[in-house]
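Residue numbers (our numbering): 1 to 97.
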């Protein structure tokens, strides 16, 4: 597989987890409907800390990631990051084996 994976960890501010989950679900739906070059996009809530969300993203190229970042749901998510995020996003860019 060409391309790359991004593994993202987001910690919600206290009281903001439901809003964060709403945004992640909206992005997931938009990706499924409109982004064929985003190969996989999964969000999951930590069982150990309910305020932590992990997102697994697979893209066929940097161009696919750029297209993803132009989506409406992603734009709304990004515009609200100061309200939603309790700390900086942790992003690991991975090479598939």
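Think of the CB as a built atom: it goes at the ideal place given N, C-alpha and C, for glycine as much as any other residue.
Asked: Environment of residue 59 [buried if 16+ CB atoms lie within 10 Å]; Found: buried
Asked: Every unbroken beta strand (DSSP E) inside the region 51–89 [3 residues or more]; Found: 52–59
Asked: Where residue 97 falls: helix, strand or coil (DSSP); Found: coil
Asked: 4-residue-minimum alpha helix (DSSP H) runs that sit fully inside the region 16–54, ordered along the chain; Found: 17–34
Asked: Nearest residue (CA-CA) to residue 44, options 28, 35 and 32; Found: 28
Asked: Residues sharing a beta bridge with residue 12, DSSP; Found: 85
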